[in-house]
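> Structure provided below as structure tokens; questions to follow.
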Amino acid sequence: MNRYLDTSSPDKFFSEHAKELDDLMQNSDGALYDGTDLLVFNDDDAKEYTVREGTKRILDGAFFGKKKLEKITLPNTLEVIGCWAFKRCGIHEINMPASIKAIKDEAFMNCKLLKKLEIPEGVLVWGTTVFAGCDELETVSLPNDMYHIPDWTFYCNYKLKKVKFPSNLLSIGNYAFGACFALEGIDLPKRVSSIGIAAFASCHNVMKIVFPSSLKRIDGRCFQFCESLSEIVIPKRISFIGVQAFDECPDLKVYIKKFGLKLKAYKHLTTALTSSTQYYSNGIINNINR
Numbered sequence: 038m039n040r041y042l043d044t045s046s047p048d049k050f051f052s053e054h055a056k057e058l059d060d061l062m063q064n065s066d067g068a069l070y071d072g073t074d075l076l077v078f079n080d081d082d083a084k085e086y087t088v089r090e091g092t093k094r095i096l097d098g099a100f101f102g103k104k105k106l107e108k109i110t111l112p113n114t115l116e117v118i119g120c121w122a123f124k125r126c127g128i129h130e131i132n133m134p135a136s137i138k139a140i141k142d143e144a145f146m147n148c149k150l151l152k153k154l155e156i157p158e159g160v161l162v163w164g165t166t167v168f169a170g171c172d173e174l175e176t177v178s179l180p181n182d183m184y185h186i187p188d189w190t191f192y193c194n195y196k197l198k199k200v201k202f203p204s205n206l207l208s209i210g211n212y213a214f215g216a217c218f219a220l221e222g223i224d225l226p227k228r229v230s231s232i233g234i235a236a237f238a239s240c241h242n243v244m245k246i247v248f249p250s251s252l253k254r255i256d257g258r259c260f261q262f263c264e265s266l267s268e269i270v271i272p273k274r275i276s277f278i279g280v281q282a283f284d285e286c287p288d289l290k291v292y293i294k295k296f297g298l299k300l301k302a303y304k305h306l307t308t309a310l311t312s313s314t315q316y317y318s319n320g321i322i323n324n325i326n327r
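38 is the number of the first residue of the sequence shown in the numbering used here; add one for each residue after it.
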């Protein structure tokens, strides 16, 4: 079997190569290795597995769809977790070793039973949608050297209540925390400068957001449908607020710190907010509504 075949679709790949995989792993522990690479794990009934010490890479889709797999032990040598490597697995917790350098797209997406997550510092490459759809995950502590939270990272984590953001965080990607219904509050670190499209949209339980003075950009629909949000203070350095950024936040009060702000800088402000929103801005709204 050529391990460099196109594996962009895990379902297609495993269906096409099922017999070859079975033949190769008849005398194995359910996993197929090539040197320091773990290519694939093919035991559908296994409840736990310990990855061989010395393994550096878990390749794309290696454990894809192993719903009975509850526990995975990763070696201290592991550096790369490939795309959708553990997607749709039944694992309950993840303890990543300090050796990890890259976690790629959808690596743990739709791990519906995942409750505990520990991520070390030192991860240099982050894919998108890495932990999206992990329904049971309630708290997350992100490493302080994580400068950007990629698109869709925690999207649709319905029970996620608390997030400890990295102290050095600079930006948050599109839909990163969208539809995290249980999220209670958002206290962003002091260096954050931009928040992406719908990054916190439909976080229905959020009552308070603390924006840092460094914040310059809030993209469209960023906090749309945050129905419990009661007030925000827009910092002085803001230069852009996207369309519908605070739409459908019916009880929201907005405090604008920057006096005499030019219309150009807030060209979307009137469309960013629900029509019933109350403004507190020392006359600035008169300039916007001309």
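Positions of the beta carbon are idealized from the N, C-alpha and C atoms, including for glycine.
The structure displayed is predicted, hence computed values, not measured ones.
Just verifying my parser: in three-state terms, what is the DSSP assignment at L266?
Working through the sequence shown from its first residue, we reach residue 266 at position 229. Residue state, collapsed to three classes: coil.
> Using three-state DSSP, classify T110 as helix, strand or coil.
Along the sequence shown, read from residue 1 onward, the residue named residue 110 stands at position 73. The DSSP-derived three-state label of T110 is strand.
> Under 8 Å, do E175 and K196 count as touching if we go by C-beta distance?
As a first step, residue 175 must be located in the sequence shown, where it is residue number 138. As a first step, residue 196 must be located in the sequence shown, where it is residue number 159. A contact, by the Cβ cut-off of 8 Å.
> Let me know if P284 comes out buried or exposed under the rule of 16 or more other beta-carbons within 10 Å of its beta-carbon.
Numbered from its first residue, the sequence shown carries residue 284 at position 247. It is Asp, not Pro, that sits at residue 284 in the sequence shown. With 16 or more Cβ atoms within 10 Å of its Cβ, D284 is classed as buried.
> For the candidate residues Y184, K290, K152, whose alpha-carbon lies nearest to that of V270?
Here residue 270 refers to the residue found at position 233 when the sequence shown is read from its first residue. Comparing Cα positions, the closest option is K290.
> For S132, which three-state DSSP category applies?
Stepping through the sequence shown from its first residue, residue 132 is reached at position 95. The amino acid at residue 132 is misidentified as Ser; the sequence shows Asn. Strand.
> Once DSSP output is grouped into helix, strand and coil, what is the label at D74?
Indexing the sequence shown from 1 puts residue 74 at position 37. Here D74 sits in strand by DSSP.
> In three-state terms, what does DSSP make of K299?
As a first step, residue 299 must be located in the sequence shown, where it is residue number 262. Confidence at K299 is low in this model, with a pLDDT of 41, below 50, so the placement of that residue should be treated as unreliable; the coordinate-derived value is given next. Note: K299 maps to coil in three-state DSSP.
> Please list the terminal residues of the continuous beta strand (DSSP E) segment that includes V200.
Along the sequence shown, one-based indexing puts residue 200 at 163. That run of the beta strand (DSSP E) goes 199 to 201.
> Given that a residue counts as buried once 16 or more other Cβ atoms are within 10 Å of its Cβ, and exposed if not, what is Y86?
The count along the sequence shown starts at 1 and reaches residue 86 at position 49. Classification for Y86: buried.
> Anyone know if the C-beta pair for P112 and R94 falls short of 8 Å?
If you number the sequence shown from 1, residue 112 lands on position 75. If you number the sequence shown from 1, residue 94 lands on position 57. No, the pair does not count as a contact, with Cβ atoms beyond the cut-off.
> Based on the DSSP output, what are the partners of A219 in its beta bridges?
Taking the sequence shown and counting its residues from 1, one reaches residue 219 at position 182. Beta-bridge pairing links A219 to no other residue.
> Do A135 and W121 have their C-beta atoms within less than 8 Å of each other?
Residue numbering aside, residue 135 sits at position 98 when the sequence shown is read from its first letter. Residue numbering aside, residue 121 sits at position 84 when the sequence shown is read from its first letter. Taking 8 Å as the Cβ cut-off, A135 and W121 do not qualify as a contacting pair.
> Could you say which of P287, K253, I234 lies nearest to G280 if we only look at CA atoms?
As a first step, residue 280 is located in the sequence shown; it is residue number 243 there, counting from the start. Position check: residue 280 holds Val in this sequence, whereas Gly was assumed. Per the Cα distances, I234.
> Based on DSSP bridge pairs, tell me the residues matched to Y86.
The residue labelled residue 86 in the question sits at position 49 within the sequence shown. Partner(s): I109.
> Using the beta-carbon count (16 or more within 10 Å), is L161 buried or exposed?
Translated into positions along the sequence shown, residue 161 becomes position 124. L161 should be labelled exposed.
> So what does DSSP say about L154, is it helix, strand or coil?
The sequence position of residue 154 within the sequence shown is 117, counting from 1. Of the three classes helix, strand and coil, the one that applies to L154 here is strand, per DSSP.
> Compute the distance between the beta-carbons of T114 and G91, then report whether it is under 8 Å.
Here residue 114 is taken as the residue at index 77 of the sequence shown, counted from 1. Here residue 91 is taken as the residue at index 54 of the sequence shown, counted from 1. Cβ atoms of T114 and G91: closer than 8 Å.
> Over the uninterrupted beta strand (DSSP E) stretch that includes I246, give me the two end residues.
As a working note, residue 246 is residue 209 in the sequence shown. Segment 245 to 247, the beta strand (DSSP E) holding I246.
> Report the rounded CA-to-CA distance for E75 versus F191, giving the unit in angstroms.
Looking up residue 75 in the sequence shown gives position 38. Looking up residue 191 in the sequence shown gives position 154. Contrary to the premise, residue 75 reads as Leu rather than Glu in this sequence. Roughly 26 Å between the two C-alpha positions.
> Under 6 Å Cβ to Cβ from E155, same chain only, skipping five residues before and after it: list those, please.
Here residue 155 corresponds to residue number 118 of the sequence shown, with the count starting at 1. The answer, listed in chain order, is N132.
> Count the other CB atoms within 10 Å of the CB of K201; is the residue buried (16 or more) or exposed (fewer)?
Locating residue 201 in the sequence shown gives position 164, counting from the first residue. With fewer than 16 other Cβ atoms within 10 Å, it is exposed.
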